[in-house]
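K.L.:
The sequence shown maps to residues 0 to 197 in numbering that gives the first Met the number 0. The beta carbon of each residue, even a glycine, is placed where N, CA and C say it ideally should be.
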Amino acid sequence: MEKSDDNKFWKLDMLAEISKKLLEEKESTSGTAKSSSTPPPKWLMKVMMKENNAHDPKLVIEKTLHASDISKLQSRLSMPINQLLSSNFLTEEETTILYTETDPPNGPKESVSVVLVDPLSQRHEVDLRRWKMGSYWNYIVVGGWNNVIDSNEFETDDVTVIWSFRYGGGKLCLALSPLVRGSKDSGPDHTHQCLSHK
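Rendered as structure tokens:
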């Protein structure tokens, strides 16, 4: 009986720790209001129309592609959590999976299976993980990102807007907008151009 109680308390402690980490990261996410007030663009609606029971579109991040994002040696796309425009695109179950600590800490990370639709509207099976890079936490697209690189002519400083939506029974999908190429202007006009890109 004592062992069962210990397990119960361990699970409660783990959930409390996950909630604490999630709250800290959400507090550093400043774009939630922008996400909720931005209507889905036409290109996203076309993508969603191809899926069964597509729903719940959310603006996740405006992402400038860095050399590390398009390197096949790195084989991953990073989305800094403190730059997210929506902090609630994951379900509670997905959040628990991604925020569960591994043992050892540097061991293989838990992941969530995701469908990614690239700027050419091609579908890819990828994995979403949560990694700490330097002093910052990121959501990382791996496990199929090189296939996305192969299918697209990405260049450093390309800008894409990443949206999430659900389809079928609730499967998570990430969709990358058509690229805005080579712009280094990150001011308000540039942001508006990207978010409203058709």
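(1) Considering only residues of the region 72-102, which uninterrupted alpha helix (DSSP H) runs meet the minimum length of 4 residues and lie entirely inside it, listed in chain order?
(2) Where T28 and A174 are concerned, what is the direct C-alpha to C-alpha distance, given to the nearest angstrom?
(3) Taking only the alpha-carbon atoms, compute the straight-line gap between G167 and E50 and give it to the nearest angstrom.
(4) At a cut of 8 Å, does the region 53-69 reach the region 89-100 through at least three beta carbon pairs?
(5) Within this structure, are the beta carbons of W136 and S74 separated by less than 8 Å?
(6) I'd like to know whether the C-beta atoms of V141 and D117 end up nearer to each other than 8 Å.
(7) Helix or strand or just coil, what does DSSP make of K10?
(8) Given R165, which residues of its chain have a CB within under 6 Å of its CB, disregarding the five upstream and five downstream residues?
(9) For the alpha helix (DSSP H) containing N137, list its first residue and its last residue.
(10) In this structure, does DSSP put P177 in helix, strand or coil?
(11) Closest by CA to P79, which one among P177, S150, L127?
(12) Helix, strand or coil for K41, going by three-state DSSP, please let me know.
P.N.:
According to the data block:
(1) 91-98
(2) Your numbering for residue 28 matches position 29 in the sequence shown. Your numbering for residue 174 matches position 175 in the sequence shown. Low local confidence applies: a pLDDT of 48 at T28 is under 50, so the model's placement there is unreliable, and no value is given.
(3) The residue you call residue 167 lines up with position 168 of the sequence shown. The residue you call residue 50 lines up with position 51 of the sequence shown. Those two C-alpha atoms are separated by around 8 Å.
(4) no
(5) Within the sequence shown, numbered from 1, the residue matching residue 136 stands at position 137. Within the sequence shown, numbered from 1, the residue matching residue 74 stands at position 75. Not a contact, by the Cβ cut-off of 8 Å.
(6) Counting from one through the sequence shown, the residue named residue 141 turns up at place 142. Counting from one through the sequence shown, the residue named residue 117 turns up at place 118. Not in contact: V141 and D117 (Cβ atoms no closer than 8 Å).
(7) Taking the sequence shown and counting its residues from 1, the one referred to as residue 10 is at position 11. Note that K10 scores 48 on pLDDT, short of 50, meaning its location in the model is unreliable and no value can be drawn from it.
(8) Locating residue 165 in the sequence shown gives position 166, where the first residue counts as 1. Excluding residues within five positions, the ones whose Cβ falls inside 6 Å are H54, D55.
(9) As a position in the sequence shown, residue 137 is number 138, starting the count at 1. Not the alpha helix (DSSP H): N137 falls in the beta strand (DSSP E), residues 135-141.
(10) The count along the sequence shown starts at 1 and reaches residue 177 at position 178. Coil, per DSSP.
(11) Mapped onto the sequence shown, residue 79 falls at position 80. With distances taken between Cα atoms, P79 lies closest to L127.
(12) Taking the sequence shown and counting its residues from 1, the one referred to as residue 41 is at position 42. Reduced to three states, the DSSP call for K41 is helix.
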